[in-house]
Structures are given as C-alpha cells and as structure tokens.
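One structure is given here, and the rest of the page talks about it.
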RNA sequence: GCCGGUGUAGCUCAGUUGGCCAGAGCAGCUGAUUUGUAAUCAGCUGGUCGGGGGUUCGAAUCCCUCCACCGGCUCCA
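Residue numbers (this note's numbering): 341 to 984.
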C-alpha cells in the first residue's frame, strides 16, 4: 500500500504502484480527463508513471503552471513529430516548454523554411494529435542513446547525451517520433486541441553566437479552441498598449533615420512628461540628501581606461573622437560614474563628509548592436537618473537600504506592483569577466543580500548578471507583451574607488577608501517612460499627464468663456487648453477621449451664465456640472492624493 | 552582428498573376454650418511606391544590393 497525501491534507491509501492517472480517476472522471501532469514530492511526473512510495502529490490541469509545463513540453514534441514527417532528415536541438507555449530549435539542413510554412506544420500537428498517440517513457543506457542518435545522424542530441550520466537517460516516444527527454509528458496527444505556431527565428545552438544558428519555431497550444482565441485577443490588446504605437498617437517621441537609429527625439508632450518625472525624483532625492552635479557629454579616453570600461566595452562602442592634436582622444560618455569619481576627488574628503551623494540626469551613449534596438526600451543615447553614493563601510548597508526605499516609493507612486527583484551576482564559473579581488566581491555581494533581506524583498538570485565591477540589485518590470526589462538598479562597487584612488581621512587621521553605490531608480528616462506608457496604455496619472483638462465650447459663441475657464485653471496650476476647432461637441469629445485627456469640460450657454463647467472624465462619461472653482479644487485634490 | 519577415501620402491600409496620368479613409488646408456629451457637409492639397542598380516595349509588382523597421537569438557598463 502507498499513502498518498493530497494538497488539502487528505490522505488516501492505494495499492502499491499506482499511476497518477489512476489516482485522478479515483477522484473524478472530470479530473482524469483534464489532468495533465502530477507533482510528486515537488517533482513533476508523467501521469502514467507509477508511484511506489508514500508521497505528497497534486494533480495538475491546464490551470496549474505544472500542468501547462507538461502540456507545452508535449506540444513541442508533437511539433517535432510533425516537422520530421514533413521534412525528413531534420535534426533537433532542444525543445522546451516556456512561459507562454513552447519552442523547438531545429536544423532543417539546406531546406529553407519561412513563416509561410507554419500553417502546414500546424495542420500536421492537429492531424497527429487526433491519433491520440501515447507518450511512452523509456529508460535507456547511454550507449543505447548514443547508438540511436548516431544512426539518426543528429549531432545535437549526441552532444546533449554526451554530457549526461549513464543511468539517468530517458527517451520519450509518441507515434513515429522518439526524443531524448527528461519529461514529464502528457499521457497522450488527445488533449492538444488548438495549435498556433507564432513565430520563427534564428537561435544559436546552446546560446553561443560562435556556434551554428538553428531555426527556432515558437508555438502555443490549448486544450480548447476558445482558449486559443482568447490568447490571440489578449495579444492584440497588448499590441494596442505598445509604447511605440501610443508614443506616436500621443505625440510623445519619434525617431528619424537622418538623426540615426536608436537616437530618440522627444516631442513637446513627451518632454513635458519626462521633465515632470525628473522633477518628481529630484524632489525625493533632495529629501534623501542628494546633491545635483553636472558633467559633459564627452570625456578623455584615459578616464574610461582607468575605470576599466574601455577595456571591457571599448571596441564595441562609438569610436573615440579625435582632435587636431594627434595624442588626444575623447569618448562619448557611456557612463557617468568616472566623471563623478573625479568630482569626488575635487578636494580632500573627511569621514565626516560621508556619505556624499552626487546625482545627475546624465545622458550616455552606447553603441548597441543594431538588432538590439527596440523603441525607447533599448536605445543608443539615453539619460540615466544616475547617482553615486560614496560612503564608509559602516554606512554601506544603511545607504543601500535607503536607495531601496526610494525605488519602492517611486514604483508605488506609479502603481508598478508587478515587479521582480533580482540579485545579480558574479558568474560562478567564469571570474575572468570581472575586475577586483574575491574578498571585495564577497563583501559587496553579502551587503546586497543582507540589505534586500532586511528590507523584506522577495528576491531571485541570478548568477552571471553582475556588472563587471560589482553585483547589483535590479528591479525588473514587464512590458505589454511580457518581456522583462531592467528599470531600477542599485550596485555596490569596491573597485572603481580603488581604480580612481578615492580616499577620505578617517577619525584615525589615516587615509581610507570609500565604497561606491551606483544607483538609478528609473534606470533610464527612456526605458522607464516606455514601460510607463505600456502599463497605463497612455492614460497617465493626473499629476504626470501633459494635458490634464481640455475645455470644449459647444459652439464658437462660447469660445470666450472657454478661454476664461482655461486661463483660470492654468493660473491655478491646472494644465488646461481649449479645443478651438469648429466641430460639433460629439466630435470634440471623441477626439479628446482618444487623446486620453483626463478631464473634458463641456461649456455652453448654461455654464457661461453661471460660471460652471460640465465635467466629463476620460473613459467614465458625464460627471455632471460643477462651479469652476469647485472643479479646480477637485483636480488639485486628485493630484494631491496621487502623490500623497 | 545573426535568422526570418515587412517597407505604397503625416497616420491606417487597397493596389492578386508586370499594362491607361498609383487609390481610399483619417489628418492638413479652404469654405459652408454654430452645433449639448465618442466622427457635420463639400471642395482642395499631398506620394522620386524605403534608397540605388538591373531585367523588360513597359516595374509599386520580377531579380540584385544597401537602409530602416518588426519578431526572435546574441549582447546590455
């Protein structure tokens, strides 16, 4: 007998060696039909695999992450089977389940495959799925595994097998297709009802740009057509929030081929938005004891040789600027920190002066690879809301925690509640990518881990994501279609102070080395604005939006009153303007609603006579009539509430 | 940088297999209308069909090449 503990704590006994599917059947027919995988003691298993020891289990349907995992993984195999039958001789790399669907990296050899071929593969997948083929798990020896793929001529699978331990290798087979795979998989293909292959792209084998590029096909499948339709609708809705589209509609920013790719041009409305964001942060920083500084857009090459940036990024950057003097070279500033180090060195510093916090909205230029550019989220010229804190070792933890407070405050004010907090540490295997001593890295990494823990942050640790001079705490936010972007970042750095020979005189009269914290709560104004646009769909908070109120006169007769209303509002620090066009009121409402102006004031004869305004709130329709004074106070209160 | 796709007016898009001076809606301009809660009507302007080269009697359409953009990969101080 085996004791099975269910998620609700119930325990049932079964005859020994019972499969997940049988357990599901014992609970309900419906569950058995919908079950996709089973989690056994924290490990995801096939439903058909027998459980032989007492276990805690949960049965996963498509509603559970672990269910989707098996479902999409099996779908990847189904796609591979379809591809193999349509394109015999295709070699397969890896084909995992991902957050939304799955992909498979394949080598089609000399056959050229484009997205026009995807529907054909979809059809084949559905055809194969209808055969209700079972996914059969089989343990194989390493020799057997090697022999199979040698005969098949699939060098990718052979490479993967060569790295596995004998005795841990499993094959999965469904229909005509056999794959090296850890599993788990569905019981059979019958649950795969709706298929959409979404895109096709090149992907380097094992993520190594020096190796062969395979063809990656992305897809997603669902147990019901309706779910696929919903997913497609969701994607279409997400596209409407794309910051590149909204940025154009609301006239926030643009690009010009003549100016150069990845070099954004901020239009008047976008500039207003950005300046307001900057003013907001400046106010916060002032409260936290930051001092503004300014530095030029270029700096002598030696500055970056000293910092190590030149050695690390020099060849992939905008090339040095030369002058008539043959020995003189400048770099377009890729970072603000070296400049700030030089400001620190302006005069001798005492331990009493620390911490020193230099803040600058510093514009930097980086030669990002052309294929990497993306709207405002990845550009070649951008402005960091940068600051460098120079502090003593005993101040480090406290200073770091204060920066976390700033980031959290900003995210809260802008309603970014779905962010990921990531601790980015050194690569465990390859330390050659980093500068500085192990001892200092250790200290820096521990400081971040401790500060994050003391602040109660739920963090994920990523190895190999650190900057070359120090570890980071990164705040990541998703965009409209789920891509993750790093916004806020806080970094601990023992290395640049050393390279720039920064010092302060301690209580003991001796020279000591300060520690630097690099930090940018927004990250960059460009990327932050982009993510803000996608989160709000262009409906910015009232305090931030470029135009807060538009006054709509019913006809030209009431232009004068409309102007009076607008002037009154502006005098009282409410940003308003008049829609002076000779259009009907319906038209004016429609156009200004689409421009996401928070308040629309309709004014005609009645309002003009009584000094009132008919208020309409964006997306919420008519709100009734108010006196102009009351409305002004109301708007100001709303702004106050947002910024509390 | 690599793989795949796309590129027609300020914007959104027609223009199938090469064939009369390249079209529509919106925007813009002019005029009429003077409007009460999501598009008033009419007229006009606007395009070297991404750039360059080629094939052809003839190219937006076919070929080559470059550029930009889109989706990935790689990268991200």
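The C-beta atom is built at its ideal place from N, Cα and C for all residues, glycine as well.
- With a cutoff of 9 Å on beta-carbon distance, residue 410 and residue 443 are scored as not near each other.
- Rounded to the nearest angstrom, the gap between the Cα atoms of residue 348 and residue 708 is 51 Å.
- The beta carbon of residue 962 sits closer than 6 Å to those of 956, all from its chain and outside the five residues before and after it, given in chain order.
- Look at residue 912 here: in three-state DSSP terms it is coil, with no helix or strand label.
- Here residue 527 carries a coil assignment [DSSP, helix/strand/coil].
- For residue 832, the closest C-alpha among the options 812, 851, 764, 471 is that of 812.
- From the listed residues 364, 355, 357, the smallest Cα separation to residue 346 is found for 364.
- Annotation: residue 681 is outside any beta strand (DSSP E); the continuous alpha helix (DSSP H) that includes it extends over 677-684.
- Apart from sequence neighbours up to five positions away, the residues of its chain that approach residue 378 with a beta-carbon distance below 6 Å are 360, 385, 387, 397, 399, ordered along the chain.
- Nearest in C-alpha terms to residue 815, of all of 952, 623, 776, 757, is 757.
- Taking all protein chains shown into account, residue 381 has fewer than 16 neighbouring C-beta atoms within 10 Å of its C-beta and is therefore exposed.
- In chain order, 351, 353, 394 place their CB closer than 6 Å to the CB of residue 343, counting only its own chain and leaving out the 5 sequence neighbours on each side.
- Distance check between residue 554 and each of 479, 644, 446, 538 places 446 closest, using alpha-carbon atoms only.
- No Cβ-Cβ contact shorter than 9 Å links residue 730 with residue 688.
- Under a 10 Å Cβ-count criterion, residue 413 is classified as buried, with 16 or more other Cβ atoms of the shown protein chains found around its own Cβ.
- DSSP places residue 979 in the helix class (H, G or I) of the three-state scheme.
- In this structure, residue 716 sits away from residue 828, with a CB-CB distance that is not shorter than 9 Å.
- Residue range 824-833 is occupied by the beta strand (DSSP E) that includes residue 824.
- A distance below 8 Å between beta-carbons, with the five flanking residues on each side excluded, links residue 469 to the following residues of its chain, in chain order: 418, 529, 530, 532, 533, 535.
- Sequence-distant Cβ neighbours of residue 946 in its own chain, meaning closer than 6 Å and more than five residues away, do not exist here.
- Rounded to whole angstroms, the gap between the alpha carbons of residue 889 and residue 977 is 14 Å.
- Three or more Cβ pairs closer than 8 Å define a contact, and the region 511-526 falls short of that threshold against the region 540-556.
- DSSP, read as helix, strand or coil, puts residue 883 in coil.
- Annotated as distal: residue 879 and residue 915, with beta-carbon spacing of 9 Å or more.
- Scanning its chain for C-beta atoms nearer than 7 Å, with the 5 sequence neighbours on each side dropped, one finds around residue 434 the residues 445, in chain order.
- About 48 Å separates the Cβ atoms of residue 593 and residue 494, ruling out a contact at the 8 Å cut-off.
- Put simply, the region 679-693 does not touch the region 779-797. Fewer than three CB pairs are less than 8 Å apart.
- For secondary structure counted as the beta strand (DSSP E) over 3 or more consecutive residues, the region 546-583 holds these complete runs in sequence order: 553-562.
- Judged by DSSP secondary structure, residue 811 falls outside any beta strand (DSSP E); it is assigned neither H nor E.
- Going by DSSP, residue 608 is part of the alpha helix (DSSP H) stretching over 608-627.
- Note that the region 697-705 touches the region 670-682; at least 3 beta-carbon pairs, one per stretch, sit closer than 8 Å.
- Bridge pairing for residue 385: 378 [DSSP].
- Scanning the region 846-877 for uninterrupted beta strand (DSSP E) segments of 3 residues or longer gives 855-860, listed from N- to C-terminal end.
- A direct Cα-Cα distance of roughly 7 Å separates residue 765 from residue 785.
- Taking the CA atoms as reference points, residue 374 sits about 47 Å from residue 981.
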